[in-house]
Amino acid sequence: MDKIPILRMGAFLLVTIQVDLYDRLALNLEADLVQTVNKTNAKGVLIDISAVSIVDSFMGRIIGNIAGMSKILDAETVVVGMQPAVAITLIELGLPLKGVHTALDVEKGMSLLKSMIDLSDPDEDQEAPEDDNFAE
Amino acid sequence: MKIKKLPKMIISLNKDSIPVSKEQDAVFLKNRVREVAVKIKMGLVNQTRLITAASELVRNMLRYGNGGICLIEVVSSGRINGVRLTFSDKGPGIADISQAMRDGFSTGKSLGLGLPGAKRLVNEFDIKSKVGEGTTITILKWANG
Numbered sequence: 059m060d061k062i063p064i065l066r067m068g069a070f071l072l073v074t075i076q077v078d079l080y081d082r083l084a085l086n087l088e089a090d091l092v093q094t095v096n097k098t099n100a101k102g103v104l105i106d107i108s109a110v111s112i113v114d115s116f117m118g119r120i121i122g123n124i125a126g127m128s129k130i131l132d133a134e135t136v137v138v139g140m141q142p143a144v145a146i147t148l149i150e151l152g153l154p155l156k157g158v159h160t161a162l163d164v165e166k167g168m169s170l171l172k173s174m175i176d177l178s179d180p181d182e183d184q185e186a187p188e189d190d191n192f193a194e
Numbered sequence: 174m175k176i177k178k179l180p181k182m183i184i185s186l187n188k189d190s191i192p193v194s195k196e197q198d199a200v201f202l203k204n205r206v207r208e209v210a211v212k213i214k215m216g217l218v219n220q221t222r223l224i225t226a227a228s229e230l231v232r233n234m235l236r237y238g239n240g241g242i243c244l245i246e247v248v249s250s251g252r253i254n255g256v257r258l259t260f261s262d263k264g265p266g267i268a269d270i271s272q273a274m275r276d277g278f279s280t281g282k283s284l285g286l287g288l289p290g291a292k293r294l295v296n297e298f299d300i301k302s303k304v305g306e307g308t309t310i311t312i313l314k315w316a317n318g
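The listed protein sequences correspond, in order, to chains A and B. Read left to right, the first sequence gives residues 59 to 194 (our numbering). Read left to right, the second sequence gives residues 174 to 318 (our numbering).
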């Protein structure tokens, strides 16, 4: 049985899809990924689809599901490397992938994730100015 | 787009039929469609549209029709070439085709984009279905249509 590897990079999970996905494989990835987010306490998920030449409505739905499920588990998802032809096809198909963050390549995706996590995780930084306020 | 309206004969040049009974067959089918599309010099975006449409239809065939057969043909009309795919299954058939062609309608748990989405991605789309006998869907994509 094929399996798509999920790599852990600090607070992020990195998934690079290198094969043509069929439905069962995509469903397994969805389940694996959401479980790994939970297990590793990941704050971000980066999915690289630069090697994926076809994204149909089912695959699109899986990507949306992964983003939605991760969001509930307090992790952001960024999809990177979508081929232009895939973007054209997705829109014509009627699947705008709302609510999924995208970036052009892995590097830009990583910095997007970092900026999103920094915005939503500065609890410690926020406490400091509050203390200052109390001091005044 | 008007070209296809001319009363030119569409000639089938090359035929290949692929049985589809499990999900992995869909991967094989998509690769064959890509090979044929590349052979007639179809552009990358049109290839992607055609294969995505094929992917939607082959999934329907597997999910609702218990598999079936896909016929891949290279067709020619005048100077232009295209790829025609015919998906036939012996499944339960579709009772209300206009309802099935509507965006967002699904008897399964899917998004209901498969049939209407596939239609938007190709140049010609034809669906015939008889309840209890099966469904046949034909799509055609011109190399640069």
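Even glycine gets a Cβ: it sits at the ideal position worked out from N, Cα and C.
Check	Outcome
Proximity of residue 107/A and residue 140/A at Cβ, strictly below 8 angstroms	yes
3-residue-minimum beta strand (DSSP E) runs that sit fully inside the segment 123-165 of chain A, ordered along the chain	134-138, 159-161
DSSP state of residue 301/B mapped onto helix, strand, coil	strand
Interface residues of the segment 208-235 of chain B facing chain A [CB-CB below 8 angstroms]	217, 218, 220, 221, 222, 224, 225, 228, 229, 232
Local conformation of residue 187/A per DSSP, three classes	With a pLDDT of 49 at residue 187/A, under the threshold of 50, the predicted position of this residue should be treated as unreliable, and no value is reported.
Backbone secondary structure at residue 281/B - three-state DSSP	coil
Contacting residues, own chain, Cβ-Cβ under 7 angstroms from residue 247/B (five flanking each side not counted)	186, 187, 209, 213, 254, 256
Coil, strand or helix - residue 67/A by DSSP	strand
Members of the segment 109-128 of chain A near chain B, C-beta cut-off 7 angstroms	111, 112, 114, 115, 116, 119
Residues that residue 259/B bridges to, as DSSP identifies them	244/B, 311/B
Residue from 94/A, 131/A, 81/A, 95/A with nearest C-alpha to residue 113/A	81/A
Neighbour flag for residue 273/B against chain A, beta carbons, 8 angstroms	no
Coil, strand or helix - residue 192/B by DSSP	strand
Selection from 150/A, 126/A, 131/A that minimises the alpha carbon distance to residue 137/A	126/A
Within chain B, partners of residue 153/A - CB distance below 8 angstroms	284, 286, 290
Enclosing beta strand (DSSP E) for residue 106/A [first to last residue]	102-106
Endpoints, alpha helix (DSSP H) assigned at residue 80/A	Here residue 80/A belongs to no alpha helix (DSSP H), and DSSP marks it neither H nor E.
Alpha-carbon spacing of residue 301/B relative to residue 308/B, whole angstroms	6 angstroms
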